[in-house]
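Participant: Below: one structure in structure tokens.
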Amino acid sequence: MTITGSTLADVETCVEALWPVAGAEPWDAVGLLSGDPGADVRRIHLAVDAVLDTVDEAIEAHADLLLVHHPLLLRGVTTVAETRYKGAVVARLIRAGCALLAAHTNADVVTAGTSAVLAERLGLLDARPLVPSPANPTHGIGRVGDLAEPTTLGRLARGLSDILPATAQGIRVAGEYDRPVTRVALCAGAGDAYLALPEVLAADVYITSDLRHHPASEARENARVSRGPALIDVSHWASEWLWLDVAAAQLREALPGVEVTVSDLRTDPWEFAIV
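The working numbering puts the last residue of the sequence shown at 773; the count rises by one with no breaks.
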């Protein structure tokens with residue numbers, strides 16, 4: 499799909515074609531948060547998070563739209579006063595004439611979504627969704643597939659460190675370094691809700707983010723007594739940042755008159771770790 503117009507409404511049409519709102523989870527808050535649909539859009543800036551630094555970066559780049567993965571107002575707020583982060587973000591964007599739009603779970607489930615991009619970077623063969631969409635089995639949450647060549651858990655984790663941008667968290671692993679790995683299940687972003695899926699249990703390793711102590715401990719102990727994968731826990735931001743370049747390329751193709759840039763600011767919340 500190619501659009502020759504350059505209004506915010508044109509961009510919304512493009513975004514809907516790439517990442518249909520119908521694919522978003524019911525609890526999600528995707529789409530346009532602020533901005534005039536009739537306003538011209540000449541520059542779009544992409545980031546995972548709408549935080550003060552990425553907002554300032556978009557404004558300094560004279561972007562007309564900040565397109566983010568994580569919705570700013572996912573949870574209800576009672577004030578947009580500039581004494582609070584979310585109010586300050588909205589106010590800065592409005593003053594600068596920069597719109598804000600989010601593509602979240604609707605961008606997770608598509609064939610070039612967050613998990614699909616991570617699976618492709620790992621070289622998974624015949625990757626398919628962990629949780630297929632009822633309307634389209636090629637769409638869905640997460641991915642599972644086989645590596646082109648078997649490896650070990652340790653080598654896979656080190657390979658991930660070459661693929662993902664560095665963060666203070668690094669890459670945490672539960673499992674033996676030399677454990678053989680062929681089948682990989684993954685979910686970019688928070689994925690502990692899928693630890694008990696049959697596709698995850700049948701994999702050699704499950705890669706995701708934000709693994710909490712109790713779900714991770716239970717999964718590890720279950721794997722010891724019956725079956726289950728090793729676990730690799732990576733930064734939430736890092737696992738989804740890879741998608742931005744793919745999304746930018748899609749937008750450039752669909753909106754040839756619009757400049758599209760990608761933020762390389764690290765918006766992972768952790769600054770350093772002491773071990």
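Ideal placement from N, C-alpha and C gives every residue a C-beta, glycine not left out.
Measure the C-alpha to C-alpha separation of ILE557 and CYS596 and round it to an integer number of angstroms.
Facilitator: Those two C-alpha atoms are separated by around 7 Å.
Participant: From this set, HIS711, LEU729 and ARG590, which residue's C-alpha is nearest GLY673's C-alpha?
Facilitator: Ranking HIS711, LEU729 and ARG590 by Cα distance to GLY673 puts LEU729 first.
Participant: Would you mind stating whether TYR692 and VAL773 have Cβ atoms separated by less than 8 Å?
Facilitator: Not in contact: TYR692 and VAL773 (Cβ atoms no closer than 8 Å).
Participant: So, ARG681 versus VAL642, is the Cβ gap smaller than 8 Å?
Facilitator: Contact flag set, yes.
Participant: Given this structure, state the Cα-to-Cα distance separating ASP690 from LEU516, to the nearest angstrom.
Facilitator: Their Cα atoms are separated by approximately 27 Å.
Participant: Quick check on the DSSP output: the beta strand (DSSP E) that includes VAL760 runs from which residue to which?
Facilitator: Note, VAL760: beta strand (DSSP E), 757 to 760.
Participant: Have a look at PRO696, ASP644 and LEU616 and flag the residue whose alpha-carbon is nearest the alpha-carbon of SER659.
Facilitator: Checking every option, the nearest Cα to that of SER659 belongs to LEU616.
Participant: For the alpha helix (DSSP H) containing HIS711, name the first residue and the last one.
Facilitator: 711 to 723 is the span of the alpha helix (DSSP H), which, as asked, contains HIS711.
Participant: Can you give me the start and stop residues for the alpha helix (DSSP H) that ARG573 sits inside?
Facilitator: From DSSP, ARG573 is part of no alpha helix (DSSP H); its letter is neither H nor E.
Participant: Report, in whole angstroms, the separation of the C-beta atoms of ALA548 and LEU570, which I expect to be a contact under 8 Å.
Facilitator: Between LEU570 and ALA548 the Cβ distance is about 4 Å, and since that is below 8 Å, they are a contact.
Participant: I need the boundaries of the alpha helix (DSSP H) containing LEU749, first residue and last residue.
Facilitator: It spans 734 to 752 - the alpha helix (DSSP H) in which LEU749 sits, taken as one unbroken run.
Participant: If you drop the 5 nearest sequence neighbours on each side, which residues of the same chain put their C-beta closer than 7 Å to that of VAL698?
Facilitator: Taken in chain order, the residues that qualify are LEU628, ALA683, TYR692, TYR704 and PRO727.
Participant: Could you spell out where the alpha helix (DSSP H) holding ASP554 opens and where it closes?
Facilitator: Start and end: 550 to 558.
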